[in-house]
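Student:
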Amino acid sequence: MRDRGASEPRTRADLQNISGATQRFTAPDIRDGWYILFGGRGEKLLAAPTVFAGVTYFTTYTPESGVGDPCEQTGQARLYGISYLDGAGTFAGGERSAALGRGIASDPLISEGVEAGKGGMFGWVSGGAGVSAAPWKGAPALKWPESRTHLLQWRDTRIR
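Numbering (the numbering used here), first residue to last: 859 to 1018.
1) Using the beta-carbon count (16 or more within 10 Å), is isoleucine 888 buried or exposed?
2) In terms of residues, what are the limits of the beta strand (DSSP E) holding arginine 960?
3) Any heavy atom of the ligand GDP closer than 8 Å to the CB of tyrosine 893?
4) With 16 other CB atoms within 10 Å as the buried threshold, where does leucine 943 fall?
5) What residue ranges within the segment 891-920 form continuous beta strand (DSSP E) runs of no fewer than 3 residues, ordered along the chain?
6) Determine the burial state of valine 983: buried for a count of at least 16 other Cβ atoms within 10 Å of its Cβ, exposed for fewer.
7) Excluding the 5 residues preceding and the 5 following alanine 992 in the sequence, name in chain order all residues of the same chain whose CB lies nearer than 8 Å to its CB.
8) Under the assumption that tyrosine 831 contacts glycine 933 (Cβ atoms under 8 Å), give the Cβ distance between them as a whole number of angstroms.
9) Within the same chain, show all residues whose beta-carbon is closer than 6 Å to that of isoleucine 940, passing over the 5 residues directly before and after it, in chain order.
10) Once DSSP output is grouped into helix, strand and coil, what is the label at alanine 992?
11) DSSP on alanine 871, reduced to helix/strand/coil?
12) Can you give the Cα-Cα distance for glutamate 1028 and aspartate 872, rounded to whole angstroms?
13) Just to check my reading of the structure: alanine 935 and arginine 882 have Cβ atoms closer than 8 Å, yes? What is that Cβ distance to the nearest angstrom?
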């Protein structure tokens, strides 16, 4: 959402709805940003998003319907990859999301690896209903920027 310095609170009317699979943000002159309505019934974002190379990555959870015992609840985890500029999907075929498995997914973790451009995105899915947690399956590959330098190490000077 773009801040134009307005004194009143923002509303959904200030944004462009781009929930359709092929819709993109096309009204920057009259709207302050965009939003997407999740497709799954009860779908919700439960973990922190990650921004990398112009893309916002986040996971969602959609509970199963009709399961009476909450201990038997598994649900579906999804990974979203959306361009923060226009809301375009960044996965194969322009898709915005991909299924990760059953249960609740962790935040997307990005690792560059020991060789520049050889890392990836990783995470875990809880499994649910007595099933052990497992690494994501089917997460799309990251698009590494061409100009990215390879960081060998760092030191956070805020921590002593």
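Think of the CB as a built atom: it goes at the ideal place given N, C-alpha and C, for glycine as much as any other residue.
Tutor: Straight from the coordinates:
1) If you number the sequence shown from 1, residue 888 lands on position 30. Here isoleucine 888 is exposed, its C-beta having fewer than 16 other C-beta atoms within 10 Å.
2) As a first step, residue 960 is located in the sequence shown; it is residue number 102 there, counting from the start. 955-960 is the span of the beta strand (DSSP E), which, as asked, contains arginine 960.
3) Here there are no bound small molecules, and the ligand GDP is not part of this structure.
4) For the purposes of this step, residue 943 is taken as the residue at position 85 of the sequence shown. Leucine 943 comes out exposed.
5) Runs found: 908-910, 913-920.
6) Along the sequence shown, read from residue 1 onward, the residue named residue 983 stands at position 125. Answer is buried; the Cβ neighbour count reaches 16.
7) For the purposes of this step, residue 992 is taken as the residue at position 134 of the sequence shown. Short of 8 Å from the beta carbon of alanine 992, and not among the five residues preceding or following it, lie these beta carbons of its own chain, in chain order: Gly959, Trp982, Val983, Gly985.
8) Past the boundaries of the shown model lies residue 831; the chain is included only from 859 to 1018, so the question cannot be answered.
9) One-based indexing of the sequence shown puts residue 940 at position 82. So the qualifying residues of the chain are Thr914, Arg954.
10) As a position in the sequence shown, residue 992 is number 134, starting the count at 1. In the structure shown, alanine 992 sits in a strand (DSSP, three-state: E or B).
11) Within the sequence shown, residue 871 is the residue found at index 13, counting from 1. When secondary structure is reduced to three states using DSSP, alanine 871 falls in the helix class.
12) What the structure shows of the chain is the stretch from 859 to 1018, and residue 1028 is not part of that stretch, so it cannot be assessed.
13) The residue labelled residue 935 in the question sits at position 77 within the sequence shown. The residue labelled residue 882 in the question sits at position 24 within the sequence shown. Rounded, the Cβ-Cβ distance is 26 Å, inconsistent with contact.
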